[in-house]
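Below is one structure; the comments refer to it alone.
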Amino acid sequence: MRSRFSAIGNFIVAGMLAGCSTSKPGTPASAADASSDGTGGMGGGGGDAAVRADVGGADGAVSGCAASTIASGTFNFTFDNVQYSYVVHVSPSYSGSKPAPLVLNWHACTGTASDEERYTNMDSVADANGWVLVYPTSPDGSWNVGSSCTSTSAGLSRDDVGFAVALVNQIQSEACIDPKRIYTTGFSNGAFMSYALGCEHAELFAAIAPVGGKVGIPNCQPSRSVPVMAFHGTADPRVDYDAGGVPSLPSVPDTVKAWATRNNCMVGPDQTYQMGTVTCQTWSSCNAGATVTLCSAEGGGHCWPGSPLMCLFGAGTNDIDATGQIAAFFTKFSLP
Numbered sequence: 000m001r002s003r004f005s006a007i008g009n010f011i012v013a014g015m016l017a018g019c020s021t022s023k024p025g026t027p028a029s030a031a032d033a034s035s036d037g038t039g040g041m042g043g044g045g046g047d048a049a050v051r052a053d054v055g056g057a058d059g060a061v062s063g064c065a066a067s068t069i070a071s072g073t074f075n076f077t078f079d080n081v082q083y084s085y086v087v088h089v090s091p092s093y094s095g096s097k098p099a100p101l102v103l104n105w106h107a108c109t110g111t112a113s114d115e116e117r118y119t120n121m122d123s124v125a126d127a128n129g130w131v132l133v134y135p136t137s138p139d140g141s142w143n144v145g146s147s148c149t150s151t152s153a154g155l156s157r158d159d160v161g162f163a164v165a166l167v168n169q170i171q172s173e174a175c176i177d178p179k180r181i182y183t184t185g186f187s188n189g190a191f192m193s194y195a196l197g198c199e200h201a202e203l204f205a206a207i208a209p210v211g212g213k214v215g216i217p218n219c220q221p222s223r224s225v226p227v228m229a230f231h232g233t234a235d236p237r238v239d240y241d242a243g244g245v246p247s248l249p250s251v252p253d254t255v256k257a258w259a260t261r262n263n264c265m266v267g268p269d270q271t272y273q274m275g276t277v278t279c280q281t282w283s284s285c286n287a288g289a290t291v292t293l294c295s296a297e298g299g300g301h302c303w304p305g306s307p308l309m310c311l312f313g314a315g316t317n318d319i320d321a322t323g324q325i326a327a328f329f330t331k332f333s334l335p
């Protein structure tokens, strides 16, 4: 197991991490399906939820796809002698006969998969796009990817990045997944996780969309140019928009600019969205057609933009729908 820096945590939600019984990977933890309403769209705060992706593949059976056994529900997963759980939401349009995109959505510090599902309102966007959507839950409510959220000795030695890769492999063994269209997003500590996966497993994730986080691991050196779409409030009291915090990290603009530099982007940043308090700036003409975007909410707190739930740490905003924008962003990119 590897040690990692510990994490800026950051989103206290109702409900504590539920206990899990010992089980094999993929063992159902409950029979209840995971579902919630959601909104998509490309405008600020609303619009058509059906931001649809082409899930690829020809009609009929797909070479390399075994019989699909994936189902919506809550499941346990043991990796490296550590037990995790995860919630699966399968789009009603998923048939198992052609490859579907896979999206991982990581919860905040002290959160759970169910918290993230409710807060990000992503299930209906998954339905519109034919996604298999997975919300993992940490054993202790934190992800060991470089922020102060992770503080216990067990947490600091836990290989959560390795778990992420193993979880993708598990889902691929149960579902017909397009290996070129696997994505990661998350909030707060979950945003740190998405950045870490982009840094360390660019060969696996086609694009990343962190919300309210920074790069917490040292020596981020992706093996290829990774498209990024990030969201952050300028008055975030939990993960500083400016440089600093515990541990001290570069500012959010510098974090995203550094990714544009890694991607060798030649143009930008150019303003690509503005509504109310929210402005998005994008770097383009990057290697392999990647883009890098930062959407900043002026005066915004530690929040998921467009969430139907109240922001607990500062001012929320409906001037942009992060979930809808992320869906549209993911549709643009696949692995080479």
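Per the numbering used here, the sequence shown starts with residue 0, numbered consecutively.
Note that beta-carbon positions come from the ideal geometry of N, C-alpha and C, so glycine has one too.
The model shown is predicted, which means the values in this text are computed figures rather than measured ones.
Annotation: the stretch 183-214 contains the following complete segments of the beta strand (DSSP E) (minimum length 3 residues), in chain order: 206-210.
Using a Cβ-Cβ distance cut-off of 8 angstroms, the stretch 229-249 and the stretch 196-213 are in contact, since at least three pairs of beta carbons, one from each stretch, lie closer than that value. Under the 8 angstroms Cβ criterion, the stretch 100-112 counts as touching the stretch 182-194, having at least three qualifying pairs.
Around the C-beta of lysine 256, 16 or more other C-beta atoms lie within 10 Å, and the residue is accordingly described as buried.
Counting along the chain, valine 225 sits inside no alpha helix (DSSP H), nor does DSSP assign it H or E at all. Of all C-beta pairs linking the stretch 62-77 to the stretch 162-180, three or more are shorter than 8 angstroms, placing the two stretches in contact. Between the alpha carbons of proline 335 and glycine 298 lies a gap of roughly 38 angstroms. In the DSSP annotation of this structure, glycine 315 is not part of any beta strand (DSSP E), being labelled neither H nor E. For the pair of segments examined, the stretch 190-207 was found to touch the stretch 225-234: the number of CB pairs separated by less than 8 angstroms reaches three. Within the model, the alpha-carbon separation for alanine 326 versus serine 193 is close to 15 angstroms. A check of alpha carbon separations from alanine 296 across Pro268, Thr73 and Thr276 identifies Thr276 as the nearest. For leucine 155, the uninterrupted alpha helix (DSSP H) segment begins and ends at 152-156.
In the displayed model, isoleucine 181 falls within a strand according to three-state DSSP. When beta bridges are read from the DSSP output, cysteine 294 appears opposite Phe230 and Cys279. Boundaries of the alpha helix (DSSP H) harbouring tryptophan 258: 251-261, taken from the DSSP string. In terms of Cβ geometry, threonine 292 and threonine 278 do not form a close pair [threshold 8 angstroms]. Inter-residue distance for leucine 196 and leucine 248 is about 18 angstroms (C-alpha atoms, whole angstroms). In its chain, beyond the 5 residues on either side, Phe74, Phe76, Ala112, Val133, Tyr134, Pro135, Thr136 and Leu166 have a beta carbon closer than 7 angstroms to the beta carbon of tyrosine 85.
Residue Trp142 holds the alpha-carbon nearest to the alpha-carbon of valine 160 among Thr151, Trp142 and Cys148. For the options Gly72, Cys285, Ala289 and Tyr272, the alpha carbon positioned closest to that of aspartate 318 is the one of Tyr272. Counted as a single uninterrupted DSSP element, the alpha helix (DSSP H) harbouring aspartate 159 occupies residues 159-173.
Note on methionine 121: 16 or more other CB atoms within 10 angstroms of its CB, so buried under the neighbour-count rule. Between serine 96 and glycine 129, the CB-CB gap reaches or exceeds 8 angstroms. With fewer than 16 other CB atoms across the displayed protein chains lying within 10 angstroms of its CB, arginine 223 is exposed. Check the Cα spacing between phenylalanine 78 and each of Gln169, Ala125 and Ser152: the tightest is with Gln169.
Close CB contacts of histidine 88 within its chain, under the 6 angstroms cut and outside five residues either way in sequence, are with Ala33, Ser71, Asp122, Ala125 and Leu132 (chain order). For the 8 angstroms CB-CB criterion, proline 304 and alanine 287 do not form a contact.
Each of Gln82, Pro100, Asn80 and Thr316 was checked against the Cα of threonine 233, and the nearest Cα belongs to Thr316. By the C-beta density criterion, alanine 153 is exposed, having fewer than 16 other C-beta atoms within 10 angstroms.
Contact between threonine 119 and serine 333 does not hold, since the beta-carbon distance rounds to 22 angstroms and is not under 8 angstroms.
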